[in-house]
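Enquirer:
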Amino acid sequence: METQTLSKKSEEVFTETISGSEAIVRCLLEEGVDILYGYPGGAIMPVYDEMYKYQNTLHHVLTRHEQGAIHAAQGYARISGRVGVCIATSGPGATNLITGIADAQIDSTPLVCITGQVGSHLLGSDAFQETDIIGISTPVTKWNHQITKASEIPEVLAKAFFIANTGRPGPVLIDITKDAQFETFDFNYDKCTKVRSYKPVPDTDYETIEKAALLINQAKKPFLVWGQGVLLGEAETQLKEVVEKAGIPSAWTILGASAIPTDHPLNVGMVGMHGNYAPNKLTNECDVLIAVGMRFDDRVTGNLETYAKQAKIIHFEIDPAEIDKNVKTDVAVLGDAKKSLEKLLPLLEVKGYPEWVQQFKQLYAEEYEQVICRDLHPEKEGITMGEVLKEINTQTKGNAAIVSDVGQHQMIACRYANFNVTKSNITSGGLGTMGFALPAAIGAKMAAMDRDVIAIIGDGGYQMTIQELGTVFQQKLPVKIVVLNNEFLGMVRQWQQLFFDKRYASTEMTNPDFVTIAKGYHIAAKRVTERSELADSVKEMMEYQGAYFLEVCVKKEGNVFPMIPTGASVSDIRLK
Amino acid sequence: MKTKLYTVSIYTENNVGLLNRISAIFQRRKINVESINTSISEIEGVSRWSVVVAISEEQIRKIIGQIEKQVEVIKAYYHTDEETIYQESCLLKVKSDLLFEDLQIQNIIKESAARIITVNRNFFVLEKSGRKSEIELLYRELKPFGIMQFVHSGRIAVTKDELKISNLLKAVTA
Chain A
0 METQTLSKKS
10 EEVFTETISG
20 SEAIVRCLLE
30 EGVDILYGYP
40 GGAIMPVYDE
50 MYKYQNTLHH
60 VLTRHEQGAI
70 HAAQGYARIS
80 GRVGVCIATS
90 GPGATNLITG
100 IADAQIDSTP
110 LVCITGQVGS
120 HLLGSDAFQE
130 TDIIGISTPV
140 TKWNHQITKA
150 SEIPEVLAKA
160 FFIANTGRPG
170 PVLIDITKDA
180 QFETFDFNYD
190 KCTKVRSYKP
200 VPDTDYETIE
210 KAALLINQAK
220 KPFLVWGQGV
230 LLGEAETQLK
240 EVVEKAGIPS
250 AWTILGASAI
260 PTDHPLNVGM
270 VGMHGNYAPN
280 KLTNECDVLI
290 AVGMRFDDRV
300 TGNLETYAKQ
310 AKIIHFEIDP
320 AEIDKNVKTD
330 VAVLGDAKKS
340 LEKLLPLLEV
350 KGYPEWVQQF
360 KQLYAEEYEQ
370 VICRDLHPEK
380 EGITMGEVLK
390 EINTQTKGNA
400 AIVSDVGQHQ
410 MIACRYANFN
420 VTKSNITSGG
430 LGTMGFALPA
440 AIGAKMAAMD
450 RDVIAIIGDG
460 GYQMTIQELG
470 TVFQQKLPVK
480 IVVLNNEFLG
490 MVRQWQQLFF
500 DKRYASTEMT
510 NPDFVTIAKG
520 YHIAAKRVTE
530 RSELADSVKE
540 MMEYQGAYFL
550 EVCVKKEGNV
560 FPMIPTGASV
570 SDIRLK
Chain B
0 MKTKLYTVSI
10 YTENNVGLLN
20 RISAIFQRRK
30 INVESINTSI
40 SEIEGVSRWS
50 VVVAISEEQI
60 RKIIGQIEKQ
70 VEVIKAYYHT
80 DEETIYQESC
90 LLKVKSDLLF
100 EDLQIQNIIK
110 ESAARIITVN
120 RNFFVLEKSG
130 RKSEIELLYR
140 ELKPFGIMQF
150 VHSGRIAVTK
160 DELKISNLLK
170 AVTA
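These protein sequence lines map, in sequence, to chains A and B. Note that numbering that gives the first Met the number 0 has the first sequence beginning at 0, numbered continuously upward. Note that numbering that gives the first Met the number 0 has the second sequence beginning at 0, numbered continuously upward.
(1) Check each candidate in Gln466/A, Trp251/A, Gly255/A, Ala218/A and name the one with the smallest Cα separation from Ala245/A.
(2) Are the C-beta atoms of Gln58/B and some chain A residue less than 7 Å apart?
(3) Count the other CB atoms, across all protein chains shown, that sit within 10 Å of the CB of Asp512/A; report buried if there are 16 or more and exposed otherwise.
(4) The segment 185–197 of chain A: which residues have C-beta closer than 7 Å to a C-beta of chain B, in chain order?
(5) Of all the beta strand (DSSP E) runs that stay within the bounds of the segment 401–441 of chain A, which reach a length of 3 or more residues?
(6) How would you label Met0/A, buried or exposed, when you count the other beta carbons within 10 angstroms and need 16 or more for buried?
(7) When you measure from the CB of His58/A to every non-hydrogen atom of the ligand ZN, does any distance come out below 6 Å?
(8) Against chain B, does Gly19/A count as a neighbour if the rule is that its beta carbon must be under 7 Å from one of theirs?
(9) Quick one: is Lys8/A buried, meaning 16 or more other Cβ sit within 10 Å of its Cβ, or exposed?
(10) Taking Arg130/B as the reference, which of Ser152/B, Glu140/B, Ile146/B has the closest Cα?
(11) Under 8 Å, with one C-beta from each stretch per pair, do the segment 15–32 of chain A and the segment 50–67 of chain A reach the 3-pair mark?
(12) Interface residues of chain A around Ile73/B at Cβ under 8 Å?
(13) So within the segment 48–121 of chain B, which uninterrupted beta strand (DSSP E) runs reach at least 3 residues, ignoring any that extend past its ends?
(14) For Glu378/A, which of Ser79/A, Arg530/A, Thr14/A, Lys193/A has the nearest alpha-carbon?
(15) Using a Cβ-Cβ cutoff of 9 Å, what residues of the segment 296–330 of chain A are near chain B? List them in chain order.
(16) Does DSSP classify Asp323/A as helix, strand or coil?
(17) Closer than 6 Å by C-beta to Lys177/A: which residues in its own chain qualify, once you throw out the five before and the five after it? Chain order, please.
(18) Return the residue from the list Val52/B, Thr117/B, Glu81/B that minimises the CA-CA distance to Ser95/B.
(19) Count the C-beta pairs between the segment 280–297 of chain A and the segment 311–319 of chain A that are closer than 8 Å, then say yes if the count reaches three, no if not.
(20) In chain B, which residues lie with their C-beta within 8 Å of the C-beta of Pro561/A?
(21) Closer than 7 Å, CB to CB, is Ile133/A near chain B or not?
(22) I'd like to know if Thr137/A contacts chain B, where contact means its C-beta is closer than 7 Å to some C-beta of that chain.
(23) Under 7 Å between C-beta atoms, does Gln65/B make it to chain A?
(24) Within 7 Å (strictly less), CB to CB, does Val70/B reach chain A?
(25) Using a Cβ-Cβ cutoff of less than 8 Å, which residues in the same chain neighbour Glu556/A once the five nearest sequence positions on both sides are dropped?
(26) So that I know if they touch, is there some Cβ in chain B lying closer than 7 Å to that of Ile522/A?
(27) Output the boundary residues of the alpha helix (DSSP H) element that contains Glu240/A.
(28) Is there a Cβ of chain B sitting closer than 7 Å to that of Ile152/A, yes or no?
(29) Less than 7 Å between CB atoms is the rule here; does Arg20/B satisfy it with respect to chain A?
(30) So with CB distances below 7 Å, who are the chain A contacts of Arg120/B?
(31) Can you give me the Cβ contacts of Phe560/A inside the same chain, cut-off strictly under 7 Å, excluding the 5 residues immediately before and after it?
(32) Would you mind stating whether Gln145/A and Ile133/A have Cβ atoms separated by less than 7 Å?
(33) Can you name, in chain order, every residue of its own chain whose Cβ lies under 6 Å from the Cβ of Lys210/A, other than the five neighbours on each side?
(34) Whole-angstrom Cβ separation of Cys191/A and Lys158/A, contact assumed at under 8 Å?
(35) So what does His583/A bridge to, in DSSP terms?
(36) Taking 7 Å as the limit between beta carbons, can you name the residues of its chain near Ile34/A, skipping five residues before and five after?
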């Protein structure tokens, strides 16, 4: 390019004089970014101008709202394990990212968010589209920083990628003033490998692993619960080896799903509020509870006063702040899950607990009879959400990635979807962000074009980000979108039924014609109202080349069970 | 829940925005900060914070975890009053005529070991460093005479035990 001059600064280092905005694009390329999601606006226009020049190497996806952009980046990150990148302008562009940033923070998703900012001379002047996004995003970012000089760009962006994707991952926001985007400087890029005040992975004390092994080997009723730390730390193989060698019945948190295949004989299901009956109930009967990469969220533990009090607790965890935060541990093994489990494995005795495992099977049989059978093989009128998942499993054979939104359908999807492939359950766990699924499915599909990506969404959440159908259409993305329509905000309605004497305050939805809307975006679409059409319709959707929208009109007042009522103990889980 | 006064000592990078990040940790848990002070430390380029809060030990432990989790925090500690040497200071502005005419005021100044920083025709300014109780005593004693202005600093504290912060910093920069 004409504007660039190549100069030789020292013997080794070549630098080029380029603009701040070009430097941003070059930094992204240096970090291996190939796709980013965003929405242009005044304060970020110089970067968009550069992206125009680099459009053959860096694919910018224009979403229909900044929230769509960040959820897409989250979907991309969650399925691939790579840093998701999104970009927005100052002011409302930046504030529209906040829900996604908070979601990524609580679900430990590596993101780099770039926002434009007004010129540095205007900072604090209430300029047009000026907002203190550093101040606003501070409590929900792992790190954030404002750049006012072009020369800071390479170092700060390198640091951003390093921080986002090391240790316990999280979102990083970099705010860049417009003048810094225009300013030219000598560009040179070095990847960041350390930050002196930041220790991504704490040291592991080998003694704690020995203590853990001793407790596990002596246990009569060991029980393991794994979380997303296993997926983030890519410790799936090591976890499976530990579980199999020690013969421990093992359950997962919602974000831990898919680390070990659904049909593994020692996979006893999901813990938590709408998890499976056996793992919740038996949490209060095990003698050693091994927690791996999970954080004892209140939706997992129920009442802490009555959570696994009889058990010795072993906690494998990368974040020291999680130790003893909710549940007091007997042995805390700090560090990387993969390495810790690798060291644990040779210390474990080969064991099996047939009677203990039998207890899980018995409780599963109870749950099957009272809940699962009715969900998956209903005889009464009205399609259940469960049977939609059953048909999806039949078609995908458990190989698809399932992106769910938030609510009843999410719980049903996580309970019944079969997973053979890791990092396949993409959902908003900690924050419970309605509107997450459609844009997250866009990002997930783009990161894994060879895989089937199915978004499963309720009629409520769907309408929070329905505009991203435009992105699906423009990008020609073959995502499958399933809306389970019960014409209610189902989970809230369920609580109103159970705890508020059926006062259905503002939960009934009068919905538009979703099929017509999808068709308006030129997306193939179908509505199913009868059970007899369901199997064929799901098959048709999966076989269709291209995006497909399937609306399934399900039973209006179906409930999700089992359920641990708020404040109750895990062992008080209800089947009805 | 038994609460106690804890002094939190934090070593951090000296970066814009960190004050917001640290205070947000307390704010989110609805913990009122008794006092806060940040300054340079014994290590060049590293800031030292002294934050005083009255909470339970369980709470303070969790908060230290959350503070240390911040990328720009090098290390955080918490100590009880018994484990630290601490001081606070105050400035009092009083009408000058009182100083010359009231013997009692002169005695109060003498006994409290307060320092007269400036005297002019209209007012004089006293500085007093010490424990919070000493400062409060001085304030109470002078109040009846009329205090024009009073300002009280946050606590600063050093620990009786060694904080191996320099070694830690060497280890991370190595």
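Here a beta-carbon is modelled for each residue, glycine too, at the ideal position from N, C-alpha and C. Source: prediction; values computed, not measured.
Expert: To lay it out plainly:
(1) Ala218/A
(2) no
(3) exposed
(4) Val194, Arg195, Ser196, Tyr197
(5) 424–426
(6) For Met0/A, the predicted structure reports a pLDDT of 38, less than 50, and the residue's modelled location is therefore unreliable. A value from the coordinates is still provided. Its Cβ having fewer than 16 others within 10 Å, Met0/A is exposed.
(7) Here there are no bound small molecules, and the ligand ZN is not part of this structure.
(8) no
(9) Because the pLDDT at Lys8/A is just 48, under 50, the model does not fix this residue reliably, and the value given afterwards should be weighed accordingly. So Lys8/A ends up on the exposed side.
(10) Ser152/B
(11) yes
(12) Arg195, Ser196
(13) 72–79, 83–94, 114–118
(14) Arg530/A
(15) Asp318, Pro319, Ala320, Glu321, Ile322, Asp323, Lys324
(16) coil
(17) Ala42, Gly118
(18) Thr117/B
(19) yes
(20) By Cβ distance, chain B contributes nothing, its closest Cβ being about 31 Å from Pro561/A, past 8 Å.
(21) yes
(22) yes
(23) yes
(24) yes
(25) Asn485, Phe487, Arg492, Gln496
(26) no
(27) 235–245
(28) no
(29) yes
(30) What Arg120/B touches in chain A: nothing, since even the nearest Cβ is about 40 Å away.
(31) Val370, Arg573, Leu574, Lys575
(32) yes
(33) Val330
(34) 5 Å
(35) Lying before the first or after the last residue shown, residue 583/A is absent from chain A, which here runs from 0 to 575.
(36) His58, Val60, Tyr75, Met445
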